[in-house]
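Reviewing the structure listed below.
Numbering (our numbering), first residue to last: 1 to 392.
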């Protein structure tokens, strides 16, 4: 009922009735997860194939999802997050399938380091190559969909000189702008809406800081500290309440600098503690910090969504990203995105999320760019998938 009322409100604002209806089906399907929905009943199951592709001599792999009985009207790169299951994470697979049912062709690149919880500047290379591959086989419009940490490599990839003109839109859910601010939040719980704003506090999800530790352990020069930090992080990721004093007592200076940062509770100390980190960590942090980049030349439209209840990356980060990106960005804030039951959202959140889905479907329906070779985007993606699977 809430989504019905939300659809009525949006219709009154002059939007397309057919697209609103489709957006409602998509949003309900996202909320349903693997369970039955009207979209599942009214569309054939998507086709999923693992494909190999090459970009400038770099061998890449990923999963390509295509609509069951129609060509994709647009294509997106869906970026996996830092999770052991990688591109096979059930939630990511569900999102890819929903997008395919909504007539998107979806490429989910395999990024092996993210399965190991190791984030780094190279993640943007994988995203950029996935976009280049979609463009090479004729997909238009082209977008990127990224959640949480993955928003940063998506934006970095979009700014590459040859990728920027090829990309039409980015959907970023729960992303960040200033990496130092994110580290401050997941270590201390403090955040603020701008550099001169007063500090606010909320309890952070400790998972974020231990992913940070695990992801950076291999960047230490001290092999003993590398092993110890990895063991500390693994133990904490398994059980956040697990004691680790037996391991922390053995840390050398490099490992201690990382542990001191994540154990700190004073936001004013964070810049100094980051400055003490090993050079390899600081270098990669700088490369993944969007606040160091000029986003004024970003061509892609940026659709941002963030829950005010986010306990890993605060909503203030998407606000900062939207301000930096300027008029090509729109930000939708909702009270809660911390649960999967989108159908339980209040009327205000339901209307806001429905607008986001509507905008993404509108991106799909933009006039296609001229394609080389005379083939439609869907035709060429289908041939690529068949070639990969030997179905000729």
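The beta-carbon is built from N, C-alpha and C at its ideal position, and this holds for glycine as well. From a predicted model like this one, the values you see are computed outputs, not experimental measurements.
Report, in whole angstroms, the separation of the C-beta atoms of residue 315 and residue 308, which I expect to be a contact under 8 Å. Here residue 315 refers to the residue found at position 315 when the chain shown is read from its first residue. Here residue 308 refers to the residue found at position 308 when the chain shown is read from its first residue. The beta carbons of residue 315 and residue 308 sit about 5 Å from each other, so the pair counts as a contact at 8 Å.
For the alpha helix (DSSP H) that contains residue 173, what are its first and last residues? As a position in the chain shown, residue 173 is number 173, starting the count at 1. Here residue 173 belongs to no alpha helix (DSSP H); instead the beta strand (DSSP E) covers 169–173.
Counted within 10 angstroms of its Cβ, other Cβ atoms place residue 106 as buried (16 or more) or exposed: In the chain shown, counting from the first residue as 1, residue 106 sits at position 106. Buried is the call here.
So, with DSSP's three-state summary, where would you put residue 334? Position 334 of the chain shown, counted from the first residue, corresponds to residue 334. The answer is strand: DSSP assigns residue 334 an E or B state.
What residue range is occupied by the uninterrupted alpha helix (DSSP H) comprising residue 355? Residue 355 sits at position 355 when you count from the first residue of the chain shown. For residue 355, the enclosing alpha helix (DSSP H) covers residues 347–364.
Residue 156 to residue 244, Cα distance in whole Å? Indexing the chain shown from 1 puts residue 156 at position 156. Indexing the chain shown from 1 puts residue 244 at position 244. When rounded, the distance between both Cα atoms is 36 Å.
Between residue 142 and residue 131, how many whole angstroms is the CB-CB distance? I'm expecting something under 8 Å. Locating residue 142 in the chain shown gives position 142, counting from the first residue. Locating residue 131 in the chain shown gives position 131, counting from the first residue. Right, their Cβ atoms sit about 6 Å apart.
Can you grab the Cα-Cα spacing for the pair residue 53 / residue 40, in whole Å? Within the chain shown, the letter at position 53 stands for residue 53. Within the chain shown, the letter at position 40 stands for residue 40. Cα to Cα, the separation comes out at about 30 Å.
Measuring alpha carbon to alpha carbon, tell me which of 38, 216, 83 ends up nearest residue 284. Start at 1 with the first residue of the chain shown, and residue 284 comes out as number 284. Closest option to residue 284, judged by alpha-carbon separation, among 38, 216, 83: 216.
C-alpha gap between residue 202 and residue 175, whole angstroms: In the chain shown, residue 202 corresponds to position 202, counting from 1. In the chain shown, residue 175 corresponds to position 175, counting from 1. For residue 202 and residue 175, the distance between alpha carbons rounds to 18 Å.
Return helix, strand or coil for residue 321, following the three-state DSSP convention. On the chain shown, position 321 is the one that residue 321 refers to. Here DSSP, grouped into helix, strand and coil, assigns residue 321 to helix.
Under DSSP, the beta strand (DSSP E) around residue 109 begins and ends at which residues? The sequence position of residue 109 within the chain shown is 109, counting from 1. Counting along the chain, the beta strand (DSSP E) containing residue 109 begins and ends at 104–109.
Can you say whether residue 340 is buried or exposed, counting buried as having 16 or more other CB atoms within 10 angstroms of its CB? Counting from one through the chain shown, the residue named residue 340 turns up at place 340. With a pLDDT of only 39 at residue 340, under 50, the local geometry of the prediction cannot be trusted, and no value is derived from it.
Boundaries (first-last residue) of the beta strand (DSSP E) holding residue 63: Working through the chain shown from its first residue, we reach residue 63 at position 63. First-last of the beta strand (DSSP E) with residue 63: 58–66.
Rounded C-alpha distance that separates residue 222 from residue 302: What you label residue 222 is simply residue 222 of the chain shown in a count that begins at 1. What you label residue 302 is simply residue 302 of the chain shown in a count that begins at 1. Roughly 41 Å separates the two Cα atoms.
When the Cα of residue 180 is compared with those of 49, 296, 273, 348, which residue comes out closest? Mapped onto the chain shown, residue 180 falls at position 180. Of 49, 296, 273, 348, the residue nearest in Cα terms is 273.
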